[in-house]
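Here's the structure we're looking at; comments come further down.
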Amino acid sequence: MTSPADLLTRFAPSPTGYLHLGHVVNAIWVWGIARARGARVLLRLEDHDRTRCRPAFERALLEDLEWLGFEPDVGPIAGFRDGPSPFRQGDCGEVYEAALARLGGGALVYACDCSRRTIAAELGDVANRETPYPGRCRERGLEPGPGRGIRVALPPGVVRFVDGLLGEQAQEPARQCGDLLLRDRLGQWTYQFAVTVDDMRHGVNLVIRGEDLLPSTGRQILLAGMLGRPEPPMFFHHPLIRKPGGAKLSKADRDTGIREMRAAGMAAAEVIGRAAHLSGLLPEPTPLAPSEAAALVSARVGG
8 MTSPADLLTR FAPSPTGYLH LGHVVNAIWV WGIARARGAR VLLRLEDHDR TRCRPAFERA
68 LLEDLEWLGF EPDVGPIAGF RDGPSPFRQG DCGEVYEAAL ARLGGGALVY ACDCSRRTIA
128 AELGDVANRE TPYPGRCRER GLEPGPGRGI RVALPPGVVR FVDGLLGEQA QEPARQCGDL
188 LLRDRLGQWT YQFAVTVDDM RHGVNLVIRG EDLLPSTGRQ ILLAGMLGRP EPPMFFHHPL
248 IRKPGGAKLS KADRDTGIRE MRAAGMAAAE VIGRAAHLSG LLPEPTPLAP SEAAALVSAR
308 VGG
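Under my numbering, the first residue of the sequence shown is numbered 8, with each subsequent residue one higher.
And the structure:
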């Protein structure tokens with residue numbers, strides 16, 4: 008059994024836009040559960056989507072995180088400003104290449120030229136439901152190259168795990184998503200692949216993230232096992248804050264953007280207190296330091 012001193016979690020935003028209240032909620036839960044369990048927090052920048060990530064967004068992200076007062080234990084903010092970092096996905100292409108080669112040694116990995124439109128046309132595009140890849144390219148023998156992604160065939164079966172907040176879970180990745188995309192047709196590593204490889208190489212064994220990513224868990228556990236990880240991390244999927252219509256917050260919601268709140272004169276403690284309130288941790292918005300917000304989560308989840 009992993010001892011508390013060995014527990015490592017991560018806060019892993021993507022610099023595809025500015026931080027918003029949803030990120031602050033995630034930070035509160037990450038630091039809160041970490042402190043309750045005696046874990047360390049690693050900062051990782053998930054910039055695998057090179058078409059949307061911008062250096063300006065990364066600079067702003069680091070500045071806002073610093074302003075809010077959430078200090079990582081591993082992957083210091085200054086390290087990202089100094090140059091290449093092992094905790095920035097964009098600096099670690101050779102790591103993913105090596106993982107792909109290792110995966111190809113024992114699993115069916117193949118090139119695929121299907122687009123989302125092609126898949127939707129074949130299966131029918133059903134709203135609010137994930138469209139599983141039907142394996143169209145599995146037997147075509149395509150050579151890897153420009154305009155072609157890379158997939159891995161997932162074995163059938165149920166993946167079971169216990170979520171620290173949601174209890175027992177059972178997922179069937181092969182039915183949910185079909186053969187998993189590892190690198191897209193633009194040559195970019197996908198979230199599912201990069202985050203699985205990163206959690207293994209960084210030693211992350213405690214994953215704390217929003218409920219919207221719960222469906223990713225089974226496939227990441229399965230993929231990690233295929234890559235040689237003997238034991239999956241522990242998982243906690245926390246509630247999201249949503250807009251009045253029920254949609255989750257996004258970086259396009261300027262009224263929840265941290266930079267807009269700063270420009271309007273709000274203090275960091277006010278922003279954190281507002282996030283804690285919207286996530287159900289406080290009955291009313293009350294200014295909070297990061298440690299005070301984390302203590303609310305610690306009290307809820309226990310040690």
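Just so it is clear, CB atoms sit at the ideal spot from N, CA and C, and this is done for glycine as well.
If you draw a straight line from the Cα of residue 200 to the Cα of residue 210, it is about 16 Å long. Leaving aside the five residues that flank residue 156 on each side, the residues in its chain whose CB is nearer than 6 Å to its CB run, in chain order, 119, 188, 190, 191, 192. About 5 Å separates the Cβ atoms of residue 265 and residue 71, confirming a contact at the 8 Å cut-off.
Taking 4 residues as the minimum length, the alpha helix (DSSP H) runs contained wholly in the stretch 191 to 268 are 198 to 209, 224 to 233, in order along the chain.
Here residue 64 carries a helix assignment [DSSP, helix/strand/coil]. Taking the Cα of residue 105 as reference, the smallest distance to any Cα among 234, 218, 152, 128 is reached at 234. Nearest Cα to residue 268 within the set 165, 50, 21, 75: 75. The beta carbons of residue 296 and residue 39 sit no closer together than 9 Å. In this structure, the beta-carbon distance from residue 49 to residue 22 does not fall below 9 Å. In the three-state reduction of the DSSP assignment, residue 285 falls in the helix class, which pools H, G and I. Residue 47: member of the beta strand (DSSP E) spanning 47 to 50, first to last residue. About 5 Å separates the Cβ atoms of residue 170 and residue 176, confirming a contact at the 8 Å cut-off.
A distance below 6 Å between beta-carbons, with the five flanking residues on each side excluded, links residue 143 to the following residues of its chain, in chain order: 121. In the structure shown, residue 156 adopts extended strand secondary structure according to DSSP, grouped into three states.
Residue 128 carries a helical assignment under DSSP once its states are collapsed to helix, strand and coil. Note that the C-beta distance between residue 212 and residue 240 is below 9 Å. Per DSSP, residue 166 is one residue of the beta strand (DSSP E) stretching across 166 to 170. Residue 175 sits in a strand when the DSSP states are folded into three classes. If you look at residue 32, you'll find it isn't in any beta strand (DSSP E); it sits in the alpha helix (DSSP H) that goes 28 to 44.
By the Cβ neighbour-count rule, residue 65 is buried, with 16 or more other Cβ atoms within 10 Å of its own. In this structure, the beta-carbon distance from residue 108 to residue 159 does not fall below 9 Å.
Around residue 57, the same chain offers 195 as residues with beta carbons nearer than 6 Å, after the five sequence neighbours per side are excluded.
Closest in alpha carbon position to residue 145, among 136, 161, 62, is 161.
As computed with DSSP, residue 16 is found in a beta bridge with 48. Of the candidates 77, 67, 24, 69, 77 places its Cα closest to the Cα of residue 42. The three-state reading of DSSP puts residue 103 in helix, counting H, G and I together.
Following the DSSP letters along the chain, one finds residue 116 inside the beta strand (DSSP E) bounded by residues 116 to 119.
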